[in-house]
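Report on the structure given below.
Printed below as a string of structure tokens:
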């Protein structure tokens with residue numbers, strides 16, 4: 014991440030902490046440093062916002078329900094198991 | 052990691068489990084009905100096909116019933132269920148062919164030249180986040196998750212799809228929270244790269 018405005022090491026150090034930043038798992042001082050850095054560094058801001066959006070999109074992928082046929086089959090299998098091994 | 056004790060854990064399922072363990076075995080179906088979609092979608096993310104996922108759900112609930120009398124009320128039932136589902140899934144996957152396991156290095160995800168020259172945020176950052184995704188984008192994300200090596204995929208699915216905390220994911224996978232954080236970050240960066248590629252090539 015070599016660009017003119019910021020120290021390369023500072024950008025790489027920030028890049029390593031982006032997930033913890035997104036998850037609010039960093040101390041306040043580090044959070045403030047990252048926020049300030051990203052405000053003034055477009056490549057780092059891009060990394061941060063695309064990573065944040067990646068997490069959001071992943072969370073919003075639709076879940077699929079099990080099919081009715083499988084649900085019925087599962088109950089049959091469990092029914093056999095329960096009848097053979099009731100919990101006492 | 053702060054150990055949660057029986058006194059501090061509150062779980063809506065405890066009463067039902069007590070009832071099942073006290074002889075009302077038929078109430079087990081209530082647990083199944085409540086949770087069957089969860090391990091199924093977890094299985095779909097982990098193995099990518101319906102048959103394997105259904106087998107995994109069936110084996111998971113058979114194991115849940117088998118070991119329910121040993122449940123110690125020291126963790127939420129959902130976390131315990133996922134621990135069993137995870138172990139079942141790993142066992143099943145060892146018998147089949149899936150994405151090869153490899154280490155993801157942090158360096159391979161450092162920003163590329165396009166990002167270093169960026170003067171504004173890419174358009175895909177603005178996709179509305181409050182809606183469920185369309186089928187095409189869901190497929191792209193699911194495919195990308197399936198391309199992840201297993202140990203990263205497990206962590207990403209538990210944290211970002213099932214929304215377990217770092218500590219909970221660490222308990223489920225018997226890893227340290229630090230380990231979860233490292234794997235999660237690399238998995239997210241992997242997924243970010245896949246999405247970046249998709250949106251750049253989108254017609």
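Chains as they are written, first to last, in my numbering: chain B, 14 to 101; chain U, 52 to 254. Beta carbons are placed, not taken as given, at the ideal position from N, Cα and C, and that holds for glycine.
In chain B, which residues lie less than 9 Å from residue i when you measure between Cβ atoms?
i: residue 108 of chain U; result: 79, 83, 87
i: residue 239 of chain U; result: 31, 32, 35, 64, 67, 68, 71
i: residue 176 of chain U; result: 59, 62, 63, 65, 66
What residues from chain B crowd round residue i, counting only those whose CB sits closer than 7 Å?
i: residue 243 of chain U; result: 63, 64, 67
i: residue 166 of chain U; result: 56, 59, 60
i: residue 157 of chain U; result: 29
i: residue 201 of chain U; result: Ordered by position in chain B, no residue passes the 7 Å Cβ test against residue 201 of chain U, which lies about 17 Å from the chain.
i: residue 154 of chain U; result: Within chain B, no residue comes near residue 154 of chain U; the closest Cβ sits about 16 Å away, beyond 7 Å.
Taking its Cβ as the centre, do 16 or more other Cβ atoms sit within 10 Å of residue i, making it buried, or is it exposed?
i: residue 92 of chain U; result: buried
i: residue 66 of chain B; result: buried
i: residue 15 of chain B; result: Its pLDDT being 45, under 50, residue 15 of chain B is placed unreliably by the model, and nothing is read from it.
i: residue 195 of chain U; result: buried
i: residue 160 of chain U; result: buried
i: residue 63 of chain U; result: exposed
i: residue 186 of chain U; result: exposed
i: residue 190 of chain U; result: exposed
i: residue 153 of chain U; result: exposed
i: residue 52 of chain B; result: exposed
i: residue 157 of chain U; result: exposed
i: residue 214 of chain U; result: exposed
i: residue 82 of chain B; result: exposed
i: residue 77 of chain U; result: exposed
i: residue 243 of chain U; result: buried
Do you know offhand how far residue i's Cα is from residue j's?
i: residue 203 of chain U; j: residue 162 of chain U; result: 20 Å
i: residue 230 of chain U; j: residue 75 of chain U; result: 40 Å
i: residue 169 of chain U; j: residue 199 of chain U; result: 27 Å
i: residue 61 of chain B; j: residue 31 of chain B; result: 6 Å
i: residue 47 of chain B; j: residue 104 of chain U; result: 40 Å
i: residue 237 of chain U; j: residue 219 of chain U; result: 19 Å
i: residue 193 of chain U; j: residue 96 of chain U; result: 7 Å
i: residue 131 of chain U; j: residue 82 of chain U; result: 13 Å
i: residue 108 of chain U; j: residue 90 of chain U; result: 6 Å
i: residue 27 of chain B; j: residue 50 of chain B; result: 8 Å
i: residue 97 of chain B; j: residue 70 of chain U; result: 19 Å
i: residue 128 of chain U; j: residue 60 of chain U; result: 10 Å
i: residue 67 of chain U; j: residue 122 of chain U; result: 12 Å
i: residue 112 of chain U; j: residue 22 of chain B; result: 49 Å
i: residue 118 of chain U; j: residue 239 of chain U; result: 34 Å
i: residue 142 of chain U; j: residue 133 of chain U; result: 14 Å
i: residue 85 of chain U; j: residue 252 of chain U; result: 41 Å
i: residue 124 of chain U; j: residue 63 of chain B; result: 40 Å
i: residue 29 of chain B; j: residue 35 of chain B; result: 12 Å
i: residue 232 of chain U; j: residue 207 of chain U; result: 10 Å
i: residue 176 of chain U; j: residue 55 of chain B; result: 14 Å
i: residue 71 of chain B; j: residue 24 of chain B; result: 25 Å
i: residue 179 of chain U; j: residue 58 of chain B; result: 19 Å
i: residue 102 of chain B; j: residue 209 of chain U; result: The structure shown does not extend to residue 102 of chain B, since chain B is modelled only from 14 through 101, so no value can be given for it.
i: residue 126 of chain U; j: residue 217 of chain U; result: 15 Å
i: residue 234 of chain U; j: residue 45 of chain B; result: 24 Å
i: residue 101 of chain U; j: residue 73 of chain U; result: 35 Å
i: residue 99 of chain B; j: residue 228 of chain U; result: 38 Å
i: residue 92 of chain B; j: residue 33 of chain B; result: 45 Å
i: residue 114 of chain U; j: residue 135 of chain U; result: 7 Å
i: residue 94 of chain B; j: residue 94 of chain U; result: 22 Å
Interface residues of chain U around residue i at Cβ under 8 Å?
i: residue 76 of chain B; result: 88, 92
i: residue 55 of chain B; result: 169, 170, 171
i: residue 91 of chain B; result: 79, 80, 83, 112, 113, 116
i: residue 38 of chain B; result: 217, 232
Assuming residue i and residue j form a contact by the criterion Cβ under 8 Å, report the distance between their Cβ atoms to the nearest whole angstrom.
i: residue 155 of chain U; j: residue 241 of chain U; result: 6 Å
i: residue 68 of chain B; j: residue 211 of chain U; result: 6 Å
i: residue 65 of chain U; j: residue 116 of chain U; result: Contact flag wrong, Cβ pair sits at about 17 Å.
i: residue 205 of chain U; j: residue 137 of chain U; result: 7 Å
i: residue 197 of chain U; j: residue 99 of chain U; result: 5 Å
i: residue 90 of chain B; j: residue 88 of chain U; result: The pair is not a contact, with the Cβ atoms about 17 Å apart (cut-off 8 Å).
i: residue 201 of chain U; j: residue 120 of chain U; result: Not quite, the Cβ-Cβ distance comes to about 31 Å (not below 8 Å), so this is no contact.
Which residues in chain U have a C-beta closer than 7 Å to the C-beta of residue i? List them in chain order.
i: residue 71 of chain B; result: 192, 211, 212, 242
i: residue 43 of chain B; result: Simply none; closest approach about 14 Å.
Please compile the residues from chain B whose C-beta is within a distance smaller than 8 Å of the C-beta of residue i.
i: residue 189 of chain U; result: 74, 75
i: residue 236 of chain U; result: 29, 31, 32, 33
Measuring from the CB of residue i, is there a heavy atom of the ligand PLP at a distance below 7 Å?
i: residue 86 of chain B; result: Absent from the structure shown: the ligand PLP. Ligands present: none.
Next item on the list: Flag this pair as touching only if the segment 40-47 of chain B and the segment 62-75 of chain B have three or more C-beta atom pairs under 8 Å; answer yes or no.
Entry: no
Notebook entry, point to check: Three or more beta-carbon pairs under 8 Å between the segment 84-96 of chain B and the segment 218-233 of chain U, yes or no?
Noted result: no
Next item on the list: Answer yes if the segment 164-179 of chain U comes into contact with the segment 238-252 of chain U, meaning at least three C-beta pairs across the two stretches below 8 Å, and no otherwise.
Entry: By the criterion of at least three beta-carbon pairs nearer than 8 Å, the segment 238-252 of chain U is in contact with the segment 164-179 of chain U.
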